[in-house]
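Asks:
4 protein chains.
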Amino acid sequence: MSSNASQLERLTFFSDAVFAIAITLLIIEVHVPHLETRDDGAYLQALQALQPSFMGFALSFLVIGALWVAHHRVFGMLVDYSASVMWPNMLLLMTVAFMPFATALMSSNPMARVPELVYAGTLLAAGLLQWRVFAVALRPPFVRADLAPDHVAATRWRALGLPAAAALSLLAAWFAPGWNNLLLLTIPLFVRLFYALGLRRTQRLQPVLAES
Amino acid sequence: MSSNASQLERLTFFSDAVFAIAITLLIIEVHVPHLETRDDGAYLQALQALQPSFMGFALSFLVIGALWVAHHRVFGMLVDYSASVMWPNMLLLMTVAFMPFATALMSSNPMARVPELVYAGTLLAAGLLQWRVFAVALRPPFVRADLAPDHVAATRWRALGLPAAAALSLLAAWFAPGWNNLLLLTIPLFVRLFYALGLRRTQRLQPVLAES
Amino acid sequence: MSSNASQLERLTFFSDAVFAIAITLLIIEVHVPHLETRDDGAYLQALQALQPSFMGFALSFLVIGALWVAHHRVFGMLVDYSASVMWPNMLLLMTVAFMPFATALMSSNPMARVPELVYAGTLLAAGLLQWRVFAVALRPPFVRADLAPDHVAATRWRALGLPAAAALSLLAAWFAPGWNNLLLLTIPLFVRLFYALGLRRTQRLQPVLAES
Amino acid sequence: MSSNASQLERLTFFSDAVFAIAITLLIIEVHVPHLETRDDGAYLQALQALQPSFMGFALSFLVIGALWVAHHRVFGMLVDYSASVMWPNMLLLMTVAFMPFATALMSSNPMARVPELVYAGTLLAAGLLQWRVFAVALRPPFVRADLAPDHVAATRWRALGLPAAAALSLLAAWFAPGWNNLLLLTIPLFVRLFYALGLRRTQRLQPVLAES
Chain A
478 MSSNASQLER LTFFSDAVFA IAITLLIIEV HVPHLETRDD GAYLQALQAL QPSFMGFALS
538 FLVIGALWVA HHRVFGMLVD YSASVMWPNM LLLMTVAFMP FATALMSSNP MARVPELVYA
598 GTLLAAGLLQ WRVFAVALRP PFVRADLAPD HVAATRWRAL GLPAAAALSL LAAWFAPGWN
658 NLLLLTIPLF VRLFYALGLR RTQRLQPVLA ES
Chain B
478 MSSNASQLER LTFFSDAVFA IAITLLIIEV HVPHLETRDD GAYLQALQAL QPSFMGFALS
538 FLVIGALWVA HHRVFGMLVD YSASVMWPNM LLLMTVAFMP FATALMSSNP MARVPELVYA
598 GTLLAAGLLQ WRVFAVALRP PFVRADLAPD HVAATRWRAL GLPAAAALSL LAAWFAPGWN
658 NLLLLTIPLF VRLFYALGLR RTQRLQPVLA ES
Chain C
478 MSSNASQLER LTFFSDAVFA IAITLLIIEV HVPHLETRDD GAYLQALQAL QPSFMGFALS
538 FLVIGALWVA HHRVFGMLVD YSASVMWPNM LLLMTVAFMP FATALMSSNP MARVPELVYA
598 GTLLAAGLLQ WRVFAVALRP PFVRADLAPD HVAATRWRAL GLPAAAALSL LAAWFAPGWN
658 NLLLLTIPLF VRLFYALGLR RTQRLQPVLA ES
Chain D
478 MSSNASQLER LTFFSDAVFA IAITLLIIEV HVPHLETRDD GAYLQALQAL QPSFMGFALS
538 FLVIGALWVA HHRVFGMLVD YSASVMWPNM LLLMTVAFMP FATALMSSNP MARVPELVYA
598 GTLLAAGLLQ WRVFAVALRP PFVRADLAPD HVAATRWRAL GLPAAAALSL LAAWFAPGWN
658 NLLLLTIPLF VRLFYALGLR RTQRLQPVLA ES
């Protein structure tokens, strides 16, 4: 058990490192203006032109941050892991590592449809992979014994919040590229909604399960 | 308790990784001169031209280093954490991740007012967020039982040192852009001052608290 | 023993960090197109032109991921390490750190022979070094006592899978540059084949060893 | 004690992360050639032109690797740490983080004197700071009780090996820029020499100390 715990810790560690590197690399894609003047107006204009990059940086920082917080929460519920979590987790990390590119593509070409579709599509892929990782990870033998089963089940459901919001954003990107990102503000709502749905559904099923 | 400790460790770990990446990425923004000569004078001139970049690298390395040392000290005082520390900490990490940009903006445009304001403003934001994180983290149920309460309270106060120095630097950037960074040398003084103030204030209040 | 375990952990940790950084840096070499239009067709064309970069990113992510998964598996079988594992492991990390360059060289110059040879050669070097690291690491005093000796021996054999596939890919790069990468799809087959070979060979030898 | 151990672990961790990032960032400074041909000769020529960059990458990888191996060895001898190790260690990490710049400066301008001086000077600074960190860290109350005192003392001496070789290389850079790096091959010799010197000196002093 102890060696499984240490292997789980290392998997967690590697994932954390990729999250941390991707989130910090976001700033590299914001190009530093180099002006040959000391005129305040010129700098304000240059920073103004970078506004889409700043917004992309902040948005992606929060999104990768939220992915990490969820990963942190779920892996904290485990005492062991199935080998079948390894590759879905690796693919999740691949989408996370792709985020600096998707962010820079969107920020360098503001309000253009294809970049917005690529960005929302990356989020959708990350969300679906995260949902898959959590579904595989949160299975009975691997979960801490002291956790309520309905909380575990609802945590699996809650992972549908991000892909739901990302799917909406993807659709909206077609009609209102750029503005569609506002829909990502609904992520916290969707997450709570799916958690509540999962909780209710499990609690309705539990008596049935207990009887059988 | 043990699983909380491991979750705290992972939060600490993720934060450490972002600090470490941001501090190491600083050097990427220093552009390597490529000369087609072997003349010593040409190289000395090229390095001379990079002096603001070297100073920005060193300054930001020390500032991020100080932020990390403080984070390391405070999180070492904890045995558990409140979920409400998660997002202020994430925003603190966002300002840390933003530092390579702010540094390069300042270094590429030496003595210009707007870049200096952006740099000092980033430090001020980082300082205030750090103060907030520490205030949320250093609450009774989460702090190690063996620590003196007045030391804990004074550690909360001490976090006001960086934002105070950064606020001064921000003001001075308006009047003497570039030179204002010298005020950051006062950070160690302010930190000690606020620690002493916090200690004295807590010790004056303690008898009152003990009586009540 | 405990301090050896912590030294092993730190070696593992450092290796994990290099794997994680190299895998995440891959995306930096994919250059973000910056178009002055909102025309969908122009963006699709620009992304089309980046297809070799996307494929290189995905391929190298999976290869470095597989190297890490193997490293994770083998180091999880250890309780201690020999000092002689240190430098072969450092050289393995050097080839891993070189992967972003080899990937970008191949992706920026698709279907060219020399870049494909460099890429396959880097993989071959990484595979041989990994095999060497595992052969040194998986020796009796360092391996967990609860592991079956034939599984340990077969795990050493299994590390021949990657260099075998990389050698094939290197050969094929000469005749069909670009297409040779398809041979890397055989890595999972080779890995299983060598594991089975190693298992069979060890089991045939074991009675002899037990008698002696 | 346990919380000191965990604080020491986190300091070690942060240091490891900076070492790992700096060592992996080295490859970013090797610029990927992008040719519009499939002619083998053109690629071989382009790679030939990158030879100084490859050699700089390999040299700095080995040097940072050696710095990390030494750091790993010495911190593995500790059970606790003095607060006064914090800032010398941070300055050591600053020189490590500076290495990608120094390497690229040297590689982009091969055989030029000033870049070689900068590179050798960076190594000298790193070596002296490492020696300082180890001297502060390896003091009685912080060192594991089971270690022989003369081995601890000799480990402090051994840290003089890198700065000695770097000082020689710095001198030689003036007269034979480029070739001076060959002197870095003497690092392993110097390290062993200083270790032996330290061992002999401590063993000669020990009877005296034991009597007093």
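Protein chains in written order, with our numbering: chain A, 478 to 689; chain B, 478 to 689; chain C, 478 to 689; chain D, 478 to 689.
Using N, Cα and C, we set each Cβ at its ideal position, and we do this for glycine too.
Identify whether A:V509 lies in helix, strand or coil by the three-state DSSP scheme.
Replies: Along the first sequence, read from residue 1 onward, the residue named residue 509 of chain A stands at position 32. Three-state result, A:V509: coil.
Asks: Would you verify that the beta carbon of C:R515 is, or is not, closer than 8 Å to some beta carbon of chain F?
Replies: Structure shown: chain F not included; protein chains present are A, B, C and D.
Asks: At 8 Å on the CB atoms, spell out the chain B contacts of A:A602, in chain order.
Replies: Numbered from its first residue, the first sequence carries residue 602 of chain A at position 125. Within 8 Å Cβ-Cβ: nothing; A:A602 doesn't reach chain B, min ~22 Å.
Asks: Which same chain residues end up closer than 7 Å to A:V551 when comparing Cβ atoms and leaving out the 5 residues on each side of it in sequence?
Replies: One-based indexing of the first sequence puts residue 551 of chain A at position 74. Only F611, A614, L615 and T632 meet the Cβ criterion.
Asks: How many angstroms separate the CA atom of B:E593 from the CA atom of C:L647?
Replies: Residue mapping note: residue 593 of chain B aligns to position 116 of the second sequence, counting from 1. Residue mapping note: residue 647 of chain C aligns to position 170 of the third sequence, counting from 1. In a straight line, the C-alpha of B:E593 is about 53 Å away from that of C:L647.
Asks: If you measure between the beta carbons of B:R609 and B:W651, is that distance less than 8 Å?
Replies: As a working note, residue 609 of chain B is residue 132 in the second sequence. As a working note, residue 651 of chain B is residue 174 in the second sequence. Cβ distance not < 8 Å, so B:R609 and B:W651 don't count as in contact.
Asks: Per DSSP, which one or two residues make a beta bridge with B:V620?
Replies: Taking the first residue of the second sequence as position 1, residue 620 of chain B is located at position 143. Bridge partners of B:V620: B:L555.
Asks: In its own chain, which residues sit with a C-beta less than 7 Å from the C-beta of B:L721, not counting the 5 before and 5 after it?
Replies: This structure cannot settle anything about residue 721 of chain B, because the visible part of chain B is limited to 478 through 689.
Asks: Taking 7 Å as the limit between beta carbons, can you name the residues of its chain near C:A642, skipping five residues before and five after?
Replies: Stepping through the third sequence from its first residue, residue 642 of chain C is reached at position 165. Answer for C:A642: L660, L661, T663, I664 and F667, listed in chain order.
Asks: Give me the Cα-Cα distance between C:F671 and A:F619, rounded to the nearest whole angstrom.
Replies: The residue you call residue 671 of chain C lines up with position 194 of the third sequence. The residue you call residue 619 of chain A lines up with position 142 of the first sequence. Looking at the two C-alpha atoms, the distance is approximately 30 Å.
Asks: Listed in chain order, which residues of the segment 525-558 of chain C have Cβ atoms closer than 9 Å to some Cβ of chain D?
Replies: none
Asks: Can you tell me whether DSSP reads A:G655 as helix, strand or coil?
Replies: If you number the first sequence from 1, residue 655 of chain A lands on position 178. A:G655: coil per DSSP, three-state reduction.
Asks: I'd like to check one pair, D:A494 with B:A494: are the Cβ atoms closer than 8 Å?
Replies: Counted from its first residue, the second sequence places residue 494 of chain B at position 17. Counted from its first residue, the fourth sequence places residue 494 of chain D at position 17. The answer is yes: Cβ separation under 8 Å.
Asks: Check whether chain B comes within 8 Å of A:I664, counting only Cβ atoms and requiring the distance to be less than that.
Replies: In the first sequence, counting from the first residue as 1, residue 664 of chain A sits at position 187. It does not; no Cβ of chain B falls within 8 Å.
Asks: Go to A:D517, then tell me how far its alpha helix (DSSP H) extends in each direction, as first and last residue.
Replies: Start at 1 with the first residue of the first sequence, and residue 517 of chain A comes out as number 40. That run of the alpha helix (DSSP H) goes D517 to A526.
Asks: Extract the residue ranges of the alpha helix (DSSP H) inside the segment 561-622 of chain D, only unbroken runs of 4 or more that lie entirely within it.
Replies: 563-585 and 590-614
Asks: Of the residues D:M532, D:H548 and D:G638, which one's Cα is nearest the Cα of D:N586?
Replies: Translated into the one-based positions of the fourth sequence, residue 586 of chain D becomes position 109. Residue D:M532 is the option with its Cα nearest to D:N586.
Asks: Look up D:S689 in the DSSP assignment and say whether it is helix, strand or coil.
Replies: By one-based count along the fourth sequence, residue 689 of chain D stands at place 212. Annotation note: pLDDT 49 at D:S689 (below 50); position unreliable, no value reported.
Asks: Listing by chain order, which chain B residues have their CB less than 9 Å from the CB of D:A499?
Replies: For the purposes of this step, residue 499 of chain D is taken as the residue at position 22 of the fourth sequence. Ordered by position in chain B, the residues that pass the 9 Å Cβ test against D:A499 are T501 and I504.
Asks: Would you call the segment 551-562 of chain A and the segment 562-578 of chain B touching, i.e. three or more CB-CB distances under 8 Å?
Replies: Result no; under three Cβ-Cβ pairs closer than 8 Å.
Asks: Excluding sequence positions up to five away, which residues of its chain have a Cβ less than 8 Å from the Cβ of B:V629?
Replies: Looking up residue 629 of chain B in the second sequence gives position 152. These residues qualify, in order along the chain: M554, L615 and V620.
Asks: Indicate whether at least one CB of chain B lies closer than 8 Å to the CB of A:L512.
Replies: Along the first sequence, read from residue 1 onward, the residue named residue 512 of chain A stands at position 35. True, the Cβ-Cβ gap to chain B drops below 8 Å.
Asks: Taking Cβ-Cβ distances below 7 Å as the criterion, which residues of the segment 555-582 of chain A are in contact with chain C?
Replies: Cβ contacts with chain C: M563, M567, M571, A574, F575, P577, F578, A581 and L582.
Asks: What residue range does the alpha helix (DSSP H) around A:T663 cover?
Replies: In the first sequence, counting from the first residue as 1, residue 663 of chain A sits at position 186. Unbroken run through A:T663: none, as it is neither H nor E.
Asks: For B:D517, which residues in the same chain have their Cβ closer than 6 Å to its Cβ, ignoring the five residues on either side in sequence?
Replies: For the purposes of this step, residue 517 of chain B is taken as residue 40 along the second sequence, with counting starting at 1. Taken in chain order, the list of residues that qualify is empty.
Asks: Name the chain B residues that come within less than 8 Å of A:A619, Cβ to Cβ?
Replies: Residue mapping note: residue 619 of chain A aligns to position 142 of the first sequence, counting from 1. Here the sequence assigns Phe to residue 619 of chain A, which means Ala is not the residue at that position. Within 8 Å Cβ-Cβ: nothing; A:F619 doesn't reach chain B, min ~14 Å.
Asks: What does the alpha-carbon distance come out to for the pair B:R515 and D:M588?
Replies: For this step, residue 515 of chain B is matched to residue 38 along the second sequence. For this step, residue 588 of chain D is matched to residue 111 along the fourth sequence. Approximately 8 Å, taken between the alpha carbons.
Asks: Going by beta carbon distance, what residues of the same chain come within less than 6 Å of D:L645, once the five residues before and after it are set aside?
Replies: One-based indexing of the fourth sequence puts residue 645 of chain D at position 168. So the list reads L660, once near-sequence residues are dropped.
Asks: Looking at C-alpha atoms only, which residue of C:E513, C:D627 and C:L539 is the closest neighbour of C:R678?
Replies: As a first step, residue 678 of chain C must be located in the third sequence, where it is residue number 201. Comparing Cα positions, the closest option is C:D627.
Asks: Whole angstroms are fine: how far does the CA of A:S584 sit from the CA of A:N657?
Replies: Taking the first sequence and counting its residues from 1, one reaches residue 657 of chain A at position 180. Taking the first sequence and counting its residues from 1, one reaches residue 584 of chain A at position 107. Cα-Cα distance, rounded: 14 Å.
Asks: Would you decide whether D:A692 is buried or exposed? Buried here means 16 or more other CB atoms lie within 10 Å of its CB.
Replies: For chain D, the structure presents residues 478 to 689; residue 692 of chain D sits outside this window and is missing.
Asks: Can you tell me whether C:H511 is buried or exposed, with buried defined as 16 or more other CB within 10 angstroms of its CB?
Replies: Against the third sequence, residue 511 of chain C aligns to sequence position 34. By the 10 Å Cβ count, C:H511 comes out exposed.
Asks: Do you know how far the Cα of B:P640 is from the Cα of B:E506?
Replies: One-based indexing of the second sequence puts residue 506 of chain B at position 29. One-based indexing of the second sequence puts residue 640 of chain B at position 163. Whole-angstrom Cα-Cα distance: 25 Å.
Asks: For C:T489, name the three-state secondary structure that DSSP assigns.
Replies: Against the third sequence, residue 489 of chain C aligns to sequence position 12. It is helical.
Asks: Between A:G604 and the rest of its own chain, which residues show a CB-CB distance below 7 Å, the 5 nearest in sequence each way excluded?
Replies: Translated into positions along the first sequence, residue 604 of chain A becomes position 127. Closer than 7 Å at the Cβ level, and outside the excluded window around A:G604, lie L639, P640 and A643.
Asks: Going by CA-CA distance only, name the one from A:A622, A:V595 and A:F534 that's closest to A:P654.
Replies: For the purposes of this step, residue 654 of chain A is taken as the residue at position 177 of the first sequence. It is A:V595 whose Cα lies nearest to the Cα of A:P654.
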